[in-house]
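Peer 1: Our numbering puts the first residue of the sequence shown at 980, with every later residue one more than the last.
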Amino acid sequence: TKAAREPLTYCGVNSIGLRRRGFDAEKISEIQEVYRYIFLKGLNNAKALDLVEKELPSTTERNYIVDFIRGSERGIMKGLSNGIGSFE
């Protein structure tokens, strides 16, 4: 992801970095869609992840993101739509 602003918040997916690591446009788009659910729909993490699993097709990248967030002990940074600089 990319983070910016003051206080620090989510501001997008690092698509340039993903391209440099060999991800094609389709995979980058899939990753961006997962992050739209998590950061831009105004849902708490649990609801957003449940919706991602329900509505988006299972892919290696989707499952990795969901598992990473669910396994996080400290939570993740949220975007402006969910409270400036908040963590869940």
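Note that CB positions come from ideal geometry on N, CA and C, so glycine has one too.
1. Could you check whether Tyr1043 and Ala1027 sit closer than 8 Å to each other, using their CB atoms as the reference points?
2. For Thr1038, which residues from the same chain have a beta carbon less than 7 Å from its beta carbon, with the 5 sequence-adjacent residues on both sides left out?
3. Would you mind giving the Cβ-Cβ distance between Val1045 and Glu1032, rounded to the nearest angstrom? I have them listed as a contact below 8 Å.
4. If you draw a straight line from the C-alpha of Ala1020 to the C-alpha of Arg984, how long is it?
5. Looking at the strands, I want to know which residues DSSP matches up with Gly991.
6. Taking 6 Å as the limit between beta carbons, can you name the residues of its chain near Leu997, skipping five residues before and five after?
Peer 2: So, to answer that:
1. no
2. These residues qualify, in order along the chain: Glu1009.
3. At roughly 6 Å, the Cβ-Cβ gap stays under 8 Å, so Val1045 and Glu1032 are in contact.
4. Looking at the sequence itself, residue 1020 is Lys, so the reference to Ala does not match. The C-alpha of Arg984 is placed about 19 Å away from the C-alpha of Lys1020.
5. Lys981
6. Ile1007
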